Amino acid sequence: MKTMGDLPIETYTAYIEQSLLKLKILLNLGFLR
């Protein structure tokens, strides 16, 4: 299993963007209630 240090910067950036996207979706769903 690879650690964060072994990942290329593109993978790391994509991981962060995916996390931010999920967070944004969760926030939007929360506001719609």
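Numbering (numbering that gives the first Met the number 0), first residue to last: 0 to 32.
A virtual CB, placed ideally from N, CA and C, is assigned to each residue, including glycine.
These numbers come from a predicted model, not from an experiment.
- DSSP, read as helix, strand or coil, puts L6 in coil.
- Distance between I24 and S18, taken at the CA atoms: about 10 Å.
- In this structure, the beta-carbon distance from L6 to Y14 falls below 9 Å.
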